[in-house]
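Engineer:
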Amino acid sequence: MKIKTLLLAALIASGFGTINAADVKPFQFIQISDPHITAADTTQSLLLQQAFDDMNKNYPDAAFVINCGDTTEMGYKEEYAHFKEIIGKFGKPVYSTIGNHDVRWSENGKENYRDAFGDTYRTFDYNGVRFVSMDVSMLLEHYGHFDGEKMNRLKKDLESLKENQPMIISFHQPILAGGGFVDNDFVFAEAIRPYNVPLVMEGHGHTLEMKTVNDTTYAMGGSTFGVSAYRVWTIGDEYITGTVRKFRDNTSEVTTTFPLVKKQSAQKPVLKVETDQCTSQTTVFTYKSEGFKDGMKLLYSIDNAYNGEAIAKGNDLWQTKEHSLPVGIHQLVISYETGKKQKQASMVSFTTTSKDKASPVLLTKVMQLGSGAQSSPTINGDDLYVGCNDGKLYCFDIKSDKEKWTTDLKREIVGKPIVFNKNIYVGSMSKDYYCISTKDGSIVWKTPVGGAVLGTLLVTDELVVGGSGDGGVHALDRVTGKEVWKYQTGKYVKMKPCLADGGKSILFAGWDNKIVKVEAATGKEIWSVEAAASVHVSCATADLAVSDTDGIVIANTHDYKVSGLSLEDGKTLWKWTPPTKPEKRLGPSYSSPIIKDGISYCGSIDGYILGFNIKTGELVTDIRLREEKTDEIFDSASIIVGNKLYVGSIGGNVYCVDLEKKSVDWSVSLAPGFILTSPAFKNGKLYVSSVNNAVYTIQTPKAENK
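Quick note: to get the numbering used here, add 318 to the position in the sequence shown (first position is 1).
1) Give the DSSP bridge partners of Gly-745, in chain order.
2) Is it true that the stretch 378-387 meets the stretch 421-433, where meeting means three or more beta-carbon pairs spaced less than 8 Å apart?
3) Would you decide whether Asn-741 is buried or exposed? Buried here means 16 or more other CB atoms lie within 10 Å of its CB.
4) DSSP on Ala-585, reduced to helix/strand/coil?
5) Going straight from the alpha carbon of Ala-623 to that of Pro-990, what length do you get?
6) Gln-367 to Ser-642, Cα distance in whole Å?
7) Note down the Cα distance separating Ala-327 from Ile-558, rounded to an integer number of angstroms.
8) Could you tell me which uninterrupted beta strand (DSSP E) segments, each at least 3 residues in length, are contained entirely in the stretch 935-989, listed from first to last along the chain?
9) What do you get for Ile-761, buried or exposed, if any count of 16 or more other CB atoms within 10 angstroms of its CB means buried?
10) Whole beta strand (DSSP E) runs in the stretch 577-657 with 3 or more residues, listed along the chain?
11) Please classify Val-730 as buried or exposed, where buried requires at least 16 other C-beta atoms within 10 Å of its C-beta.
12) State the CB to CB distance for the pair Leu-261 and Tyr-605, rounded to an integer number of angstroms; the pair is presumed to be in contact (CB under 8 Å).
13) What alpha helix (DSSP H) runs, 4 residues minimum, are completely inside the stretch 409-486?
14) Quick one: any contact between the stretch 835-844 and the stretch 790-804, if contact means 3 or more CB pairs under 8 Å?
15) Between Cys-857 and the rest of its own chain, which residues show a CB-CB distance below 7 Å, the 5 nearest in sequence each way excluded?
16) Rounded to a whole number of angstroms, what is the C-alpha to C-alpha distance between Phe-738 and Ile-754?
17) For the alpha helix (DSSP H) that Leu-364 lies in, which residues bound it at each end?
18) In the DSSP assignment, what are the bridge partners of Pro-353?
19) Given this structure, state the Cα-to-Cα distance separating Tyr-398 from Pro-411, to the nearest angstrom.
20) Quick check: the Cα distance between Ala-339 and Gly-554, rounded to an integer number of angstroms?
21) Helix, strand or coil for Phe-347, going by three-state DSSP, please let me know.
22) Is it the case that the Cβ atoms of Lys-710 and Asp-700 are separated by a distance below 7 Å?
23) How big is the Cα-Cα spacing for Pro-1019 and Val-986?
24) Give, in chain order, every unbroken run of the beta strand (DSSP E) that is at least 3 residues long and sits entirely within the stretch 754-789.
25) State the DSSP-derived secondary structure class of His-792, mapped to helix, strand or coil.
26) For Ala-547, report the span of its beta strand (DSSP E) as first-last.
27) Considering only the beta carbon of each residue, do Thr-552 and Gln-346 sit closer than 7 Å?
28) Below 8 Å on the Cβ atoms is my guess for Leu-772 versus Leu-457; work out the distance and round it to an integer in Å.
29) With a threshold of 7 Å on Cβ separation, who are the neighbours of Gln-297 within its own chain once the five nearest residues in sequence on each side are excluded?
30) Assuming Phe-499 contacts Gln-491 under a Cβ cut-off of 8 Å, what Cβ separation, rounded to an integer in Å, is found between them?
31) So, helix, strand or coil for Lys-407, using DSSP?
32) For Ser-689 versus Asp-352, is the C-beta spacing smaller than 7 Å?
33) Confirm, please, whether the CB-CB distance from Ile-923 to Ala-863 is below 7 Å.
34) Could you name the residues of the same chain whose beta carbon sits closer than 8 Å to that of Trp-845, not counting the 5 residues immediately before and after it, in chain order?
35) I'd like to know whether the C-beta atoms of Val-982 and Val-975 end up nearer to each other than 7 Å.
36) If we call anything under 7 Å between Cβ atoms a contact, is Lys-980 one with Ile-941?
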């Protein structure tokens, strides 16, 4: 039945609009989420099968099922195979969005998902409605991000819609709720604002939360494993109706009804930061919205860290409370409530500068990437090399910030490119190690290593050594790329192997909870020890740090503990555990340690720079990076230049810490965008790659240039 050309007059009057192009026919579909399937028949798989049986019994006319992610528990091939076996018995199409559990611990990143289901971004039309399944997952992380390449595809899909044609979008991590799971969620919200996107389906939270932002309904899918529920969506002539089905309780409840064509304001809200009126402490902005009425509270959030109720100045001018914003790029979000769990929100970016000579200067020129970067940049001469999640290795001239060449390695590049002589050595999720010419990006050799490469390679005069998704540590001849030796571990190795004993031995650790020392020339095991209490908190992400002089290995494990091991035999010399009093603290987990003057420095999950005496394990440095809100340090490993330590954060900030004064000298904001990489430094400038599709240049204060 063709949808009516005009909606009811009452709806038209309230601004819901008309459908004059989309040919929508009523149908039903089902939303599930977070089944967390393992390789064997467990509670998770039995509940999913029970849910499918319940759907066939109670909703036999449902056209298909959309699964909002965390299909598997660990992202292993065997788990995907088991899931496909279950849905094969179901009899209806099941479209699965990728979630953090499908990626974070997988030995092959997103490759196992791709092998099972195809592209991580998919779209199809059904009865006049456009469905888009988006990939907001990140390799090795529980966080989410709307990647530049995926957003470009979404933009094209939005622009191709017929007038008022509905688009329904699904992805995993929930957004727009202040949880911080996704850094650039308001970039997505602004992108869909002009289009008819009445429904966005989410997962991750294992609940049935629902909210409305800018007249788009965001609905979490519950969990077949957690709350034993799913949602049934009925697309009607004029409305979308949502029903929650709790299959173990045998209950159904209609929970929401909203228009198929979402309400559109006659005018887009106006939001502009009035830079000339801002002070060092307050941000002044203009805001106009036809829905905002006298008496409503106007709330603001800057960088998801500085929040409050805006103060009216008159004539649509507003200002924030006093906040000490760092220099850099910021995101201002303005919102007001229109009902229970309903709000209107707008976002704008703005830049702050400082005339203080002791402050850094954020250069406006940036090196643009085709996608986000989880790969740290490397500088060689005037060239900067960085890998990207679009599968390309980029080379930029740092004098002009212009791209010199790119080489397509087909899949995501997470490791830092390593330059040796005239070649670059890097691994890719394509399951290969590469040797690439610095001159023009041509591939000198390419060697398959049996699994995805999730880390940085160690390069010596003779060897290229690194981990792989096949659980092996592979040592290749640096010149020819031929395998010299392989050490087989119990699980994949993500970290960069490190040299010890003057280059005679190599150390590494992986997700099998082992720290291993081998002979560099042969790969013969010297010793192997357990890293932590269980495999789930292995020393698997942060690189090891070694002091040959002191005979000590520093290891950060995922239980937030730091250990000092004997380089000779691997025995634990000391172990630091985060204190629980006077307040509970978290320690390092992802951030790799770096040793300077007998102190091992690293970032912590609770936003501190910690320093440990490598001989005794005594905590001698404990510096909180931001007072307003915890700014976590994840994969960004610190670099040290002189007495300054530089590191990036989840909040999108770059910090400079004075190790002598034991305090933060300055910080620069690059919001919104997680910084999961380590900076590079040359001639007084920091180069920082971000998931925000760019490499940024920061001019440090003149005092540091010396």
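Each residue gets a CB set at the ideal place from its N, CA and C atoms; glycine is no exception. From a predicted model like this one, the values you see are computed outputs, not experimental measurements.
Structural biologist: Based on what the coordinates show:
1) Tyr-751
2) no
3) buried
4) Note that residue 585 is Gln in the sequence shown, not Ala. Reduced to three states, the DSSP call for Gln-585 is coil.
5) 11 Å
6) 53 Å
7) Confidence in Ala-327 is poor, its pLDDT being 34 and thus under 50, which makes the residue's placement too unreliable to answer from.
8) 937-942, 957-959, 962-966, 971-976 and 981-988
9) exposed
10) 588-591, 602-606, 617-620, 624-627, 629-632, 635-637 and 645-657
11) Note on identity: in this sequence residue 730 is Glu, with Val being the wrong assignment. Answer is buried; the Cβ neighbour count reaches 16.
12) Residue numbering for the chain in the displayed model covers 319 to 1024; residue 261 lies beyond these limits and cannot be assessed.
13) 429-435 and 466-477
14) yes
15) Ala-827, Ile-833, Ala-849, Ala-850, Ala-873, Asn-874 and Thr-875
16) 10 Å
17) 361-376
18) According to DSSP, Pro-353 bridges with nothing at all.
19) 16 Å
20) In this prediction, Ala-339 has a pLDDT of 42, which is less than 50 and means its spatial position is unreliable; what the coordinates show is noted afterwards. Approximately 16 Å between the Cα atoms of the pair.
21) strand
22) no
23) 12 Å
24) 761-766 and 781-785
25) strand
26) 547-553
27) yes
28) 7 Å
29) Examination of residue 297 is not possible in this model, given that the chain is present from 319 through 1024 alone.
30) 4 Å
31) helix
32) no
33) no
34) Val-834, Lys-835, Asp-887 and Gly-888
35) yes
36) yes
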